[in-house]
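Single-structure report; data block below.
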Amino acid sequence: MLNTNESPYFDIPIRTLGNVEFDKENLKIVMKDKKSRRNFLNIAHTRKFTQTLSAAAVIYKELLQTEKTTSLRDLFYMLKRTIPDTKINLVDEQIESDNAVEDLELLLDDLRENLHVNAKKKGSVAGNVVIKDGDDIIAWNKMGSGGWAVPSNVENIEFKGVDAKFVLFMEKDAVWNRLNEDKFWKKNNCIIIESGGQTTRGVRRILQRL
Numbered sequence: 066m067l068n069t070n071e072s073p074y075f076d077i078p079i080r081t082l083g084n085v086e087f088d089k090e091n092l093k094i095v096m097k098d099k100k101s102r103r104n105f106l107n108i109a110h111t112r113k114f115t116q117t118l119s120a121a122a123v124i125y126k127e128l129l130q131t132e133k134t135t136s137l138r139d140l141f142y143m144l145k146r147t148i149p150d151t152k153i154n155l156v157d158e159q160i161e162s163d164n165a166v167e168d169l170e171l172l173l174d175d176l177r178e179n180l181h182v183n184a185k186k187k188g189s190v191a192g193n194v195v196i197k198d199g200d201d202i203i204a205w206n207k208m209g210s211g212g213w214a215v216p217s218n219v220e221n222i223e224f225k226g227v228d229a230k231f232v233l234f235m236e237k238d239a240v241w242n243r244l245n246e247d248k249f250w251k252k253n254n255c256i257i258i259e260s261g262g263q264t265t266r267g268v269r270r271i272l273q274r275l
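Its first residue numbered 66, the sequence shown is counted upward by one per residue in the numbering used here.
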């Protein structure tokens with residue numbers, strides 16, 4: 066909020082376990098209403114306040130207006146600069162720009178992918194599933210040894226057909242590769258999916274939608 070006689074501020078939902086709840090209807094965890102105020106003239110808030118608004122400016126000017134997309138990593142480099150007339154960097158580590166993007170998601174009640182910012186693709190899947198991704202029809206059982214790579218944003222993917230008794234999820238891609246080589250998904254009529262370590266949002270959403 067901007068007011069001539071007040072320091073600029075915004076109210077942002079608090080990202081803690083105490084401020085979330087499980088939405089039974091949509092089967093996902095959602096934020097509750099508790100918020101904290103981030104005030105520009107509060108020295109404890111100034112850096113994060115500036116980082117969030119700077120991220121918003123870059124996303125609007127460089128991505129949304131030009132209809133381009135970028136990765137979280139590239140956005141970090143776009144923000145990594147020295148503030149004029151100081152020796153202070155706007156961001157020093159990627160976690161700072163990542164947090165700024167999360168702030169914007171909460172403030173705008175929207176996904177980062179809709180702000181044209183994507184995470185690194187991670188995870189593979191195979192099974193008797195047919196999807197529509199944009200104008201393409203993709204069969205997960207015909208993707209070869211590498212399987213179908215799970216993108217950062219899966220919200221617009223349409224499931225055209227699913228023929229599987231269960232979904233088998235694993236973190237290690239080495240395990241997934243072995244199961245895929247043995248056509249485990251075909252022999253057991255299932256879907257196998259891996260995240261290659263820490264599960265990404267795209268993989269979590271695919272699992273939820275399946």
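Don't be surprised by glycine CBs; every beta carbon is placed ideally from N, CA and C. Computed from a predicted structure; not experimentally measured.
Problem - 4 or more residues per run - each alpha helix (DSSP H) lying fully within the segment 106-169 - result: 111-123, 137-144
Problem - Same chain only: Cβ atoms within 8 Å of R266, ignoring 5 sequence neighbours per side - result: For the purposes of this step, residue 266 is identified with residue 201 of the sequence shown, where counting begins at 1. Answer for R266: A184, S217, listed in chain order.
Problem - Residues near K100 by beta carbon distance below 8 Å, same chain, minus five either side - result: Sequence index remark: in the sequence shown, residue 100 carries index 35 (1-based). Hits under 8 Å: D76, I77, P78, I79.
Practice task
For D163, count neighbouring Cβ atoms within 10 angstroms of its own Cβ and tell me buried if that reaches 16, exposed if not.
Solution key: Start at 1 with the first residue of the sequence shown, and residue 163 comes out as number 98. Per the 10 Å Cβ criterion, buried.
Practice task
Let me know the secondary structure DSSP gives E90 once reduced to three states.
Solution key: As a working note, residue 90 is residue 25 in the sequence shown. Reduced to three states, the DSSP call for E90 is coil.
Practice task
Taking the CB atoms as reference points, tell me whether L169 and L155 lie closer together than 8 Å.
Solution key: Within the sequence shown, the letter at position 104 stands for residue 169. Within the sequence shown, the letter at position 90 stands for residue 155. Contact flag unset, no.
Practice task
Output the distance between the C-alpha atoms of I257 and K152, rounded to the nearest integer angstrom.
Solution key: Here residue 257 refers to the residue found at position 192 when the sequence shown is read from its first residue. Here residue 152 refers to the residue found at position 87 when the sequence shown is read from its first residue. Computed Cα separation, rounded: 50 Å.
Practice task
Quick one: give me the first and last residue of the alpha helix (DSSP H) that K252 is part of.
Solution key: On the sequence shown, position 187 is the one that residue 252 refers to. Counting along the chain, the alpha helix (DSSP H) containing K252 begins and ends at 249-252.
Problem - Span separating the alpha-carbon of T131 from that of M143 - result: Position 66 of the sequence shown, counting from 1, holds the residue named residue 131. Position 78 of the sequence shown, counting from 1, holds the residue named residue 143. Near 15 Å, if we compare the C-alpha coordinates of M143 and T131.
Problem - Closest Cα partner of A214 within the set E71, A229, V190 - result: Position 149 of the sequence shown, counted from the first residue, corresponds to residue 214. Of E71, A229, V190, the residue nearest in Cα terms is V190.
Exercise for the section: Under the assumption that E223 contacts K197 (Cβ atoms under 8 Å), give the Cβ distance between them as a whole number of angstroms. Expected result: Counted from its first residue, the sequence shown places residue 223 at position 158. Counted from its first residue, the sequence shown places residue 197 at position 132. Contact holds; Cβ gap of about 4 Å.
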